[in-house]
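**Student:** Here it is: the structure, laid out below.
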Amino acid sequence: MQNHITDADWLRFLDAPGDCADTQRVRDHMAGCVSCAKVLESLESMREGLATEAGRIRNVVAISDSEIDALLGRCLAQIEARPHAGWSVGEATLLLRLLIEPICGRGTAGATIGLARRRSLPTTEEDLTSKSWSIFISNLSDAMSSICGAAAGRLVRRAGFSIAVQEG
Amino acid sequence: MRQAEPEAIERFILNPCEETFGDLFRAIAPRLIAWYRVRGCGKELSEDLTQEVMLAVFRQAGHLRNPGLFRPWLYRIVKNALLQHVRRNGRRIETVELKSAEAGWPAKQSDPLLSAQFAEWMGFLGEDEREIMMLRYIDELEYHEIAELVGLPQGTVQWKIFNAKKKLAARFKPRSE
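The following block contains the structure:
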């Protein structure tokens, strides 16, 4: 009985033919097996066909540099016309505190936020800023996970990263 | 000349300002417009949605620190913008229907793009395979980026792509040039 190339072998061979430890075995087998050689031919032909057709579609929908520049101009005008109305760091922290208090209690919420804040700030800074907000949320999420479980940590992470924070 | 995409992404994440945003916009907006066009949106709608997405990118850039996660994050925003648009417009929208938008594939075959052989191949695949194949071939995402975006392990994504290719190879023969 002839041992044909398995799907797992094909996957490894096609994705990284140079790096695969079994490459030589696959090549040796194909040298003497017409059916596997045909499979390889059809898979490679399909891969090339997909790449060619996808490239053709990308060309059809391509737009010119001048159109992109016009779009960019409109986008920048919108950014200037509608400055982002985000939350201040203080407001955002209060919001998170209100969110976690029912889960872990008032005292623990305050202590956990304080701990996450200390861990997120360099020694030279005293207050959180919009730049340190992401680290603060990660630290608070980790702390909440260890105190109240992974679901609480995920909730904090999602809520924290959904809040648009700005200076002021 | 358009700046290389990875470089533009990195510069923007390190220093999100109007200058780096401009470079990023020039590098990725054409791809986003193509994403929407290929999924059945008209040119004007594709441009509007791309603009919406790029505004969100500008405003939320502070939350992203790892340039390697930028593309999966970006494409999540891209997909959500389309879903929101479809929901907002309910039945009024004619180009894309919600179920198809969720699957990342246009319901109406009215766009001239869809006469391409690629569309025939994609039509042969199941929804999840089609989505992954589109991300791989049209949007040119790496396996790990697709995995991050669709929430599957990288190995599963590789398997799905391989199986889809195998299925297509057994059914179709690509036209020679």
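In order, the protein sequences belong to chains A and B.
Per the working numbering: the first sequence = residues 7 to 174.
Per the working numbering: the second sequence = residues 136 to 312.
Backbone N, C-alpha and C fix where the C-beta goes; we use that ideal spot for every residue, glycine too.
(1) Which one or two residues does DSSP pair with Thr93(A) in a beta bridge?
(2) When burial is assigned at 16 or more other CB atoms within 10 Å of the CB, is Asn65(A) buried or exposed?
(3) Should Gly157(B) be flagged as near chain A, meaning a C-beta pair shorter than 9 Å?
(4) Going along the chain, which residues of its own chain have a beta-carbon closer than 8 Å to the beta-carbon of Phe177(A), five neighbours each way excluded?
(5) Quick one: residues in its chain with C-beta nearer than 7 Å to the C-beta of Leu303(B), no 5 flanking neighbours on either side, listed in chain order?
(6) Grouping DSSP H, G and I as helix and E and B as strand, with all else coil, what is Glu264(B)?
(7) Would you check if the distance between the CB atom of Pro207(B) and the CB atom of Leu276(B) is smaller than 9 Å?
(8) Strictly under 9 Å for the Cβ-Cβ distance: is Phe160(B) near chain A by that measure?
(9) Which residues in chain B sit within 7 Å of Leu49(A), going by Cβ to Cβ distance?
(10) At a Cβ cut of 7 Å, what residues of the region 73 to 87 of chain A count as close to chain B, listed as they run along the chain?
(11) Report the residue from Met269(B), Arg265(B), Ile144(B) and Asp263(B) whose alpha carbon sits nearest the alpha carbon of Pro202(B).
(12) Glu255(B) lies in the alpha helix (DSSP H); which residues open and close that run?
(13) Among Leu102(A), Ile85(A) and Leu146(A), whose alpha-carbon lies nearest the alpha-carbon of Phe156(B)?
(14) Can you list the residues of chain A that Gln293(B) reaches, using a CB-CB cut of under 8 Å?
**Tutor:** Put simply:
(1) As a first step, residue 93(A) is located in the first sequence; it is residue number 87 there, counting from the start. Reading the sequence as shown, one finds Trp at residue 93(A) and not Thr. In the DSSP output, where bridge partners are listed per residue, Trp93(A) has Val171(A).
(2) Against the first sequence, residue 65(A) aligns to sequence position 59. So Asn65(A) counts as exposed.
(3) If you number the second sequence from 1, residue 157(B) lands on position 22. Yes, because at least one Cβ of chain A sits closer than 9 Å to the Cβ of Gly157(B).
(4) The structure shown does not extend to residue 177(A), since chain A is modelled only from 7 to 174, so the question has no answer here.
(5) Along the second sequence, one-based indexing puts residue 303(B) at 168. Cβ within range, chain order: Trp256 and Phe259.
(6) Within the second sequence, residue 264(B) is the residue found at index 129, counting from 1. Glu264(B): helix per DSSP, three-state reduction.
(7) For the purposes of this step, residue 207(B) is taken as residue 72 along the second sequence, with counting starting at 1. For the purposes of this step, residue 276(B) is taken as residue 141 along the second sequence, with counting starting at 1. A contact, by the Cβ cut-off of 9 Å.
(8) Numbered from 1 along the second sequence, position 25 holds the residue referred to as residue 160(B). Yes, because at least one Cβ of chain A sits closer than 9 Å to the Cβ of Phe160(B).
(9) Position 43 of the first sequence, counting from 1, holds the residue named residue 49(A). The contacting residues are Lys300, Lys301 and Ala304.
(10) So the list reads Ile74, Leu77, Leu78, Arg80, Cys81, Leu82, Gln84 and Ile85, given in the order they occur along the chain.
(11) Mapped onto the second sequence, residue 202(B) falls at position 67. Comparing Cα-Cα distances from Pro202(B) to each of Met269(B), Arg265(B), Ile144(B) and Asp263(B), the minimum goes to Ile144(B).
(12) Residue 255(B) sits at position 120 when you count from the first residue of the second sequence. Residues Gln252 to Phe259.
(13) Counted from its first residue, the second sequence places residue 156(B) at position 21. If we check each option's Cα against that of Phe156(B), Ile85(A) comes out closest.
(14) Walking along the second sequence from the start, residue 293(B) turns up at place 158. Per Cβ cutoff of 8 Å: Leu17 and Asp21.
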